Each structure stands twice: as C-alpha cells, then as structure tokens.
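Enquirer:
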Amino acid sequence: MSETQPSQDLPEEDGHQSRAPHRVIGTPPPAQARTLLGEAPVSAAPESPRELPAGPDNPAKAQTAEKVVATFFILSMLASIGFIAAYVGLEVGSVDATLRSNLALGLSMSVAFLAMGVGATIWVRNIMPNVEQVEERHVLASGEPEREAFTKTFTEGAEASGFVKRKLLRRTLIAASVPLAVAPLVVLRDLGPLPGTSLRHTVWRKGMRMVVYGPNTPLRAADFSIPGQMITVAPEGYTENQDVLAKAVTIIIKFAPGVLVPNRPGQPGTIMNWTVDNIVAYSKICTHVGCPVALYEQTTHHILCPCHQSTFDATNGAQILFGPAPRPLPQLPIGVDADGFLIATSDFHEPVGPAFWELG
Amino acid sequence: MSTVTGKLLGGTGRWFDDRLRGAQITRTWLRKIFPDHWSFLLGEIALYSFIIILLTGTFLTLFFQPSMTDVVYHGSYTTLDGVHMSQAYASTLDISFDVRGGLLMRQIHHWAAILFVAAIACHLLRVFFTGAFRKPRELNWLIGVTMFVLAFTEGLFGYSLPDDLLSGTGLRILEGVLLSIPVVGTYLSFFLFGGEFPGHLIIPRLYVIHILLIPALLLALVTAHLLLMWHQKHTQMPGKARADTNVVGQPFYPYFMAKTGAWFFFIFGITALLSTFAQINPIWIYGPYNPSGISAGSQPDWYMGFLEGALRMWPSWHWNVGGYSFAFNVFVPALVPLGVLITGLAVWPFVEQWITGDRREHHVNDRPRNAPTRTALGMAGVTFYGILWLEGANDIVARFLNISLYLTTEIARYAIFIGPVVAYWVTKRICLGLQRKDNHLLEHGVETGIIRQLPNGEYIEMTKPVSDEMRAVLESRKELPQIAAPDGDDVPAAAARGPVGKLRVSLNRVLNESIPLPHGNGHGNGHAAEPTAVTAGEAHPDGAERADGDGTGT
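Those sequence lines, one after another, are chains W and X.
Those letters in the first sequence? Residues 2 to 361, by my numbering.
Those letters in the second sequence? Residues 335 to 888, by my numbering.
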C-alpha cells in the first residue's frame, strides 16, 4: 500500500455500504469521504455481490443444530464450573485424595474441552453455509524489474557505506568480529573440570570395608555362605555419596567350590588371589554405557545388564557372552580383615564403566 | 449487517484502523483460502500439543525445584517417607501429591509431549509421501526437520528432570554415549555434567535448556514455519479444478478459524482424558535415582526408542589404537542412525530435484502411489526406524512372544538390512498395482454391482464412468520430466555425460518408474502420458504471470 493511494479503505460514514473494501479498478473518486461539509450521495454505487451466502444451506437443520450446539456449550460451561468446584472442594495430600482430585479435575476438564470442540464442529458443519472458493496463486519469484531494483538499492547502499571500496575498514571490522565471537566460547571453559585421570580411579583402598548397600552394614565372609547369592556392596562411609557410588558400586557373588574358572596365562578367567573363599567381586557398572548390571542368574552364572543386555560369565572373570559391552567387568581384589569382615585389598586395577577416549 | 458487527467495526475496528491502516490487508487475510484434507490436521496436532505443553509447563515451573541437593522426604506419599532423594525428585512428588491439579498437569504435560513428537513424525511423513516438500517449500521442510530434532531433545531433557530411577539411568546412558565420542568425548561429558557423573549440576543445566533455550528456539521456528505456510499458501490434494496455479478450499474467516479452534479443543480434551485415566511416568513407583539401582524393562519415551534399539543391536566392536579407545560399540549406534535419518531427510528435496531436474513450483500434492520410488524409499526408512524401535523394546518383545532375548537381537541384526529392502520392493509393487487399478477405473469405469443378461445369454456387470471429481484425482498422475533426453542421433545431452551424468540418468529412470495413464480416455488428457522433457532450470510454465503490484496477502 503506497502513501499516494487515496484512502479507499475507510468506510463511508452512513454505513449502508459494505464495510469490506473492494479493490477499485479505474480512476479513484476524489478524497471526499472525510470532508467536513458532508458528502455526496453515493447510493448510485452498485453493491458488490456477496462472497459468502448470508444464511445456512438448510435453515430447518440449522435451527435444530443451533439448539444442539447451545447444549454442548452449556455442558462445557457446567464442566468448567465443575472443575473450579472440584479444585475448591477436593483436597489432596494422600494417594487416595489425589486419585479422587485427579479424576474429578481431569474429567471435568476433558468434558469442558471436548464439548466445546463438538459444539464448534456442529456449528461449522450445520449452520455455516458450505462454500468452496478458489484463490489464484502467483509465482513466488519477484519479477525481473523488482529484482533489478533491489540489486540497485543494495549496491547503492554498499557503495554509500564504503564497505566495498574501503578495504581497511572492511578488514579491521572482520578482524574485530572474530575475537568477539570467540570470547563467549571461552567463558564456557568453566562448565566443568578437566577429566585428568579421575575416570581411572575409584575410592576403593586397601583395607576399606564393604558394606551391604541398603542396610549399610559390613559383611563377614562367613555370613555370606550360600552359593548362588549375589549382593551389592558399597565402600564404607560413602553410601550416600552418589558421585562415589557411580563408579565404586560393586557386586559380590558366592560360588560353590570348584565352579570358578581360574585364569591362566593368556587365558581369561577369575583371578583367584583376588577372591576370598569363592567370593568374587566385580564392578557393578556395565562397561557398555554404565547401567548397573543388576541381574544374576544362579544356574548359568550369567550377569545381565537390563539396559542393553550385555551378558557376562561370572565364573570366568566376567567374560562377555553376548551384547554390546566391549570388555569384562573389572574384578575387585578382596580379602578379610582381622574381624572377618570383607574388605578391598586395593582399588580396581583397570577403569570401571564405559569406554572413554583415553581408556586405551 | 447486524448491529453487533456494526458496533464492533465502527468502534474498535475504526480505532485500530486509524492507527494501523489495516482494513485492506486484514480483509485479504480473512479471505485467505485453506484447502481441506484429513492429513493436513497432523501438523495442527503438533502445533496444539506444543501450546498445551507451554501452558502446562509454565504451571509446573511454579512448583518444580531443579536442584540436586540431598533432602529427606516427609511428604504425602508415605511409602517414601524418610528416604534420601534430590530436591528435584521431592518437588516432583509434591507436585503430584500436594498440589491440587499438579498430577493432572504433570500427566497432561507428559502426554502432550509424547503426542507432540508423534504428531511431528506423522506430519513429516505426510509431507514426505505427498511431495509437499518440493519447490517452493524446501525451506519450510528444513525448518520442520530441525524442529523434529529439537522436539525429541526437548523431550529427553524434560523427562530427565524429575531425577527418578528411570530418568537417572537415561542420563547415565547419555554420559556413556558422550564418553565414547572419539577425542573430545571425555571433555564433553565433564563439561555437561560439571565433572564426573552425576555431580550436582546436570538437573539445573538441563532445566534451563528445557524451559528456556529449546522452547524459545521451537517457538521461533514454529512462527517461521506458520508464516512461510501462510505466505506460500498451503498445498492441496489433487481434485477437480485444482491446479498448481490456484488453491481451492474454504476461507480462513469464519470457516478455518472455527474448524481449527474446534480441533484445538479436541486435542486438549483428548490429552486431558488420557491424563485422567492413563497413568504416565509414575516416578513415585520408580523411586529416586541411585547409581546402583535399575529395573527390568527400562524403556525411554517412545521417540528415544530407536536410539536405544541401535545401542542394543550393535556388536561389541571396540578398538584400541595407540593407547586410545575407539568405542564403535557406542558412538556408532548412538550417533550414526540419527545422523543418517536427519541428514537423509534434510537433503532429500535437493537430491530429488537434482535427479528429476524439475525446478517448477508444485502446489498440488502427489498421491503417494503416483511417486512409487519416493514412497518406497520412505517406507524403507520407516522400516529401518521401526526395526530399531522394536529392538529398543526387545526384552518386552521377547517376553511377549516367549522367545529368547538374544534371538530378538540376532533377528534384528539381519532384519535391519533385509527389512528396508523388502519394504522398498513391496511398496513399489503396491504403488504400481494401485496405479494399474486407477487406470482400470479410468478405462472401464466403476463397478455398479448390477448384473445384466445380454440377449445371447451372457451375463455382464454394468459399469458407469467415473465422476469428474474422481477422474481429476485418478488422472493427477503426471509423468515426471526426463532429464536430458537424447536427441535424434542418440547423443546424450550435456547433463547426462560423464559418470555423474550417467548416475543421474539412471537414478532419474528409477525415480520415474510409473505406469502411463491410459490413452484416448475421451477427455483430451491423453497427452498427459507423454513424457515431457524438461531441462534443469526451466522456468515455471506460467512464468509470465506475476504477482500484481501490491504484493500483499499472497
């Protein structure tokens, strides 16, 4: 819309013409509509034909539909009031009360929305006259004159600014922008510490007691005597420390004598020096992506990760039987202290958990 | 004109127009034509579930505390009384059991999120299969693909916030995936988690990304998506009097406005209904996160399932090269299928345009059967995704079918290669078969079910010619342009020379595979079956027609 065009889109004062402005082809009338001296009679101008029918296709059907729609709208209104009433009237604070409140609020809310939707749909389908209209599309590309005009404007602007001609300006501006863009990246450095060797170690130390995770009580080797048992243990003193547990959590499994496969040079197996009385300890953190390997099948001695189903042979140094894990669960060297409690005799000898770039 | 509208226009309308000069442009907006088809509702579901997510999400932020500080719970859910947990988990319990309507809002938020990603996926498939991504809509296609990625990232971060056992395990897997990335993985993980997993920063960090960064991006992209749709006008399905030069349907005001408003109420109502009766993400049953706990059947929300499946399926390949780990077993399945899927979607419109050499504007959609190769490729992609997704629940599948857990993975490892090929072949056959059926209808008409006995005793079934409406739909199959048809001396055109040119010609031949329309159908449309040669870059057939001067409202 250009400023030079007379204002055709202001409705006439007397209001008996169609309010919707129409595109006028030909010479526009003088701008008299807003004159203080009143206006010339315009009744001669023919009214443009309607674009939409004024009434429904089927007046009788529309009459019925109106009542149906109104009923749905009233239903929706009542449901909304019911929602407010349920909010005010129904307390929460216990599982049962929450259940009741959720049911009342949810049901009234659903009815309120659905009744509005149903009402509006019947309105469109049965009261509004059915029309199908055609609108022309135009090619989206601008015409060549517009493109040329744009090119001219853009080039003139570039020339006026001197950005093209003055190399010094341009180059120093670019030179100044680069460090400006890099600076925000630098401040992200403190998002976290550098990894260092922290992924290679856990808190397990020589002489540190193992406590049963949950009750957090130390465990005598003699009390862990039924073959086939598996329990989760944590380093004593760290049972509430999630950062520590995320690497140090360990499973211990008791075997009947002769079940464990001792390792021999060049062959996988359980390192028997690191076991106590056929009790063997493995990291509970899967070497795939770190889920806890929490499932143990007594008859087959399989340890299974429930996340991605890596399966390890517990008798055989946790060798991989199936699944995406790339290496066995690290074995933790264990022993007993003077009181007979299970202890670690050192940290794990290799990193626990998923592979990382520096793992090797 | 009724007095109500008269007052509204004379008062309020005049007030605004005095200041904005908007009468003319607003009128063209009100008269804007919107074509109808059931499949056009899919995108609206995505839009409206996004609005529901924004509304309910705002409510949830009023109560949720994104903190990993250890607290001891003493709230209304007495089963967990005295248990150590993060403040995030405790406040989620409070929202569920101590805030009126809190549980409902949480469940609507979660259901709407699931619906949001599902609607985006279906809408994306609709646009793909009907060729609605073709010129001039490539930009909107790219915006859509970007929103798809953002949407499921947003979902992943959202369900990780309550810090329950299931979502914590999801974050643990995220850590494992980051660690596996060559060279920078360890640093990425330490920077995201602020140190070693889990630390105490990940929930607040995910929170700000979830409630501010990604929603702002999504809102901006949704706006751009809608503005482009409005500006370029919606595509339409083929039909009588529908052409690339027009748009047939009902005006925005009052028809589309009322219909789409009703649709919003339906979406909200159905989401509320689901949230009333179908429990979602009961975090109080999972318990607070601890690195030692896990439950069997741990599944992420559906949209992450295909990545989970890829992780389960991939073999345990891991190389140690010069003291460094290449954890192919993790970073390949976690990143490659996603990368292939997203990159494939993003470049397809341009690949198709290169193969066909078709630079014309398209506003009438393809029926999927009329682009057999594209449809078949799409189904191959859907099958690839579907197998990964099923494998992501292989423990459930194994239990349901009562077969070995390992067998499901073994099957999936073969199916991931065979399945898409079979799907491609079957889909293409089905499409071509449907085309033949269309031809049959055009040639022989519609069976009426009326049997007539001829004087010679023969029984025949009466048919009647297809209606004009139906004929327009059936004849919408257009021969794709052939690139660079050889001239009379069989000398290949410039675009068809060399190895790249030859590849392009053979791809063009595959993509063009279609059954010609029957000749002499009595409607003068027989020529539609003739191949038309279009060279790359040829102008729109209606190139002479231009938007008229004011350029508004187009």
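Beta carbons are placed, not taken as given, at the ideal position from N, Cα and C, and that holds for glycine.
Small disclaimer: the values here were computed from a predicted structure and weren't measured.
(1) Give me, in chain order, the residues of the same chain whose beta-carbon lies closer than 8 Å to that of Ile128 (chain W); leave out the 5 immediate sequence neighbours on both sides.
(2) For Pro532 (chain X), decide whether its Cβ has a neighbour in chain W, counting only Cβ atoms nearer than 8 Å.
(3) On the criterion of 16 or more Cβ atoms from any shown chain inside 10 Å, does Arg51 (chain W) qualify as buried, or is it exposed?
(4) Taking Cβ to Cβ, would you say Leu540 (chain X) is nearer than 8 Å to Phe599 (chain X)?
(5) Relative to the alpha-carbon of Phe751 (chain X), which residue among X:Ile548, X:Ala668, X:Ala714 and X:His444 has its alpha-carbon at the smallest distance?
(6) Which residues, taken in chain order from the stretch 126–140 of chain W, show a beta carbon closer than 7 Å to some beta carbon of chain X?
(7) Report the CB separation of Thr610 (chain X) from Gly107 (chain W) in whole angstroms; it is logged as a contact under 8 Å.
(8) When the cut-off is 8 Å and only beta carbons count, does Leu949 (chain X) lie next to chain W?
(9) Taking Thr122 (chain W) as the query, report the chain X residues whose CB atoms sit under 7 Å from its CB, ordered along the chain.
(10) Going by DSSP, what residues sit across from Tyr793 (chain X) in a beta bridge?
(11) Quick one: give me the first and last residue of the beta strand (DSSP E) that Gln584 (chain X) is part of.
(12) Helix, strand or coil: which one does DSSP assign to Ile254 (chain W)?
(13) Would you mind reading off the limits of the beta strand (DSSP E) that contains Tyr658 (chain X)?
(14) Does DSSP classify Ser284 (chain W) as helix, strand or coil?
(15) What does Ser420 (chain X) pair with, by DSSP beta-bridge criteria?
(16) Using DSSP bridges, identify the partner residues of Lys947 (chain X).
(17) Whole angstroms are fine: how far does the CA of Ser810 (chain X) sit from the CA of Gly502 (chain X)?
(18) DSSP has Met211 (chain W) in a bridge; who is on the other side?
(19) DSSP three-state call for Trp653 (chain X): helix, strand or coil?
(20) Runs of 4 residues minimum, wholly inside the stretch 126–202 of chain W: which ones carry the alpha helix (DSSP H) assignment?
(21) Please report whether the beta-carbon of Tyr758 (chain X) lies at a distance below 8 Å from any beta-carbon of chain W.
(22) For the beta strand (DSSP E) that contains Glu298 (chain W), what are its first and last residues?
(23) Does Phe323 (chain W) have its Cβ less than 8 Å from a Cβ in chain X?
(24) Taking 8 Å as the cut-off, decide whether the C-beta atoms of Ala177 (chain W) and Ala592 (chain X) are in contact.
(25) Kindly give me the distance between the Cβ atoms of Pro329 (chain W) and Phe313 (chain W), rounded to whole angstroms, as I take these residues to be in contact under 8 Å.
(26) Between Thr709 (chain X) and the rest of its own chain, which residues show a CB-CB distance below 8 Å, the 5 nearest in sequence each way excluded?
(27) Assuming Ile252 (chain W) contacts Met273 (chain W) (C-beta within less than 8 Å), just tell me the rounded distance between them.
(28) What residues of chain W sit near Gly320 (chain X), judged by a beta carbon separation below 7 Å?
(29) Measuring straight from C-alpha to C-alpha, what distance separates Leu296 (chain W) and Cys306 (chain W)?
(30) At the level of alpha carbons, what is the spacing between Ile545 (chain X) and Lys812 (chain X)?
(31) Can you find a C-beta in chain X that's less than 8 Å from the C-beta of Lys285 (chain W)?
(32) Just verifying my parser: in three-state terms, what is the DSSP assignment at Gln441 (chain X)?
(33) Which of helix, strand or coil does DSSP assign to Pro706 (chain X)?
(34) Please return the same chain residues whose Cβ sits closer than 6 Å to the Cβ of Ser514 (chain X), not counting the five positions on each side in sequence.
(35) Do the stretch 466–477 of chain X and the stretch 403–417 of chain X meet, that is, are 3 or more Cβ pairs less than 8 Å apart?
(36) If we ignore side chains and look at the alpha-carbon of each, how far apart do Asp692 (chain X) and Val165 (chain W) end up?
Expert: Reading it off the structure:
(1) Pro57, Ala63, Ala66, Glu67 and Val70
(2) yes
(3) exposed
(4) no
(5) X:Ala714
(6) Met129, Val132, Glu133, Gln134, Val135, Glu136, Glu137, Arg138, His139 and Val140
(7) 3 Å
(8) In the structure displayed, chain X extends from 335 to 888; residue 949 (chain X) sits before or after that span and is not available.
(9) Ala596
(10) X:Gln787
(11) Asn580 to Pro585
(12) strand
(13) Tyr658 to Phe660
(14) strand
(15) X:Asp404
(16) This structure does not reach residue 947 (chain X), given that chain X is present from 335 up to 888, and the question cannot be answered.
(17) 52 Å
(18) W:Pro236
(19) strand
(20) 145–162 and 168–187
(21) no
(22) Leu296 to Glu298
(23) yes
(24) no
(25) 6 Å
(26) Phe463, Pro702, Arg703, Thr761, Lys762 and Cys765
(27) The pair is not a contact, with the Cβ atoms about 18 Å apart (cut-off 8 Å).
(28) In this structure chain X extends from 335 to 888, so residue 320 (chain X) is not present and cannot be described.
(29) 6 Å
(30) 47 Å
(31) yes
(32) helix
(33) helix
(34) Ala661, Val664 and Phe665
(35) no
(36) 37 Å
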